[in-house]
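Numbering (the working numbering), first residue to last: 31 to 222.
One structure below.
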Amino acid sequence: MTVLSLEQAFVRVLMLTGDFQKVRVRDVVDIAGVGIGTFYDYFPNLQVLAASAMRTRRDALIRTLRQTMVRHADASFSTLIDAMLDDCVEMALQQPKEWAALMMIERQVEDLQGFRAFHMGIQQTWSDAFKSRYPAVPLSQITSMSAMVHAIAYGWCAQEILVFRGDRTRQASRQELGLAVHGYLNTVQSES
């Protein structure tokens, strides 16, 4: 609970300051309701706390996608993909300001290994969804498909959060994302 409180407090302070360089440990612990010593019991510095906050949100997205795969195990491939895209949209737009604040600093605070691990985790989740429906498709093709679907979905989420900032309706945005992903998958499947 303490780690989660510190992560949430960090995001709140980051949103208030708008600049990672202006975030101070004192502000974070005041909002979290813990002492400075407690902060340092869990984190050596703000950069590690910021990376932890990002990992927590990213891990939640992966868990959500995997739970959706289980819930839709008997659904059609199209229904499964739509449900997973719904998850991406919901996670991104549920707290867009928080996601935007973290996205703006992710390359400042996250090492390349952590950044890659997240993207590979999402890509692997898509890959597992494809493998469950197309066991005869070569792994290299599934890997390529999952990388592209992740790139489309992640790119859309980043644009929606950072650029459009709620200018469009959730339904319209989700429909556009679905058209892009299904269009890509239909093209790949027709070429196979």
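Using N, Cα and C, we set each Cβ at its ideal position, and we do this for glycine too.
Let's test the definition: count the other Cβ atoms within 10 Å of the Cβ of residue i and tell me whether it reaches 16, buried, or not, exposed.
i: residue 101; result: exposed
i: residue 32; result: exposed
i: residue 206; result: exposed
i: residue 37; result: buried
i: residue 81; result: buried
Closest to residue i by CA distance: which of the options is it?
i: residue 50; options: 94, 99, 134 and 95; result: 134
i: residue 73; options: 146, 219, 164 and 35; result: 35
i: residue 154; options: 173, 142, 136 and 140; result: 173
i: residue 128; options: 48, 215 and 70; result: 48
i: residue 130; options: 53, 189, 220 and 201; result: 189
If we ignore side chains and look at the alpha-carbon of each, how far apart do residue i and residue j end up?
i: residue 78; j: residue 139; result: 7 Å
i: residue 147; j: residue 141; result: 10 Å
i: residue 170; j: residue 159; result: 15 Å
i: residue 137; j: residue 39; result: 20 Å
i: residue 210; j: residue 182; result: 7 Å
Is the shortest distance between the beta-carbon of residue i and the beta-carbons of chain B less than 8 Å?
i: residue 155; result: Of the protein chains in the structure, only one exists, and it is not chain B.
My parser needs the alpha helix (DSSP H) runs of 4 or more residues fully inside the region 137-199; what are they? 142-163 and 169-189
### Query
Is it a yes or a no for the region 65-81 touching the region 89-96, going by three-plus beta-carbon pairs under 8 Å?
no
Whole runs of the alpha helix (DSSP H) within the region 48-125, excluding any shorter than 4 residues:
55-62, 66-72, 76-101 and 107-124
Query raised in the report: Should the region 51-61 be called in touch with the region 111-131, which here means at least 3 C-beta pairs below 8 Å?
Result: no
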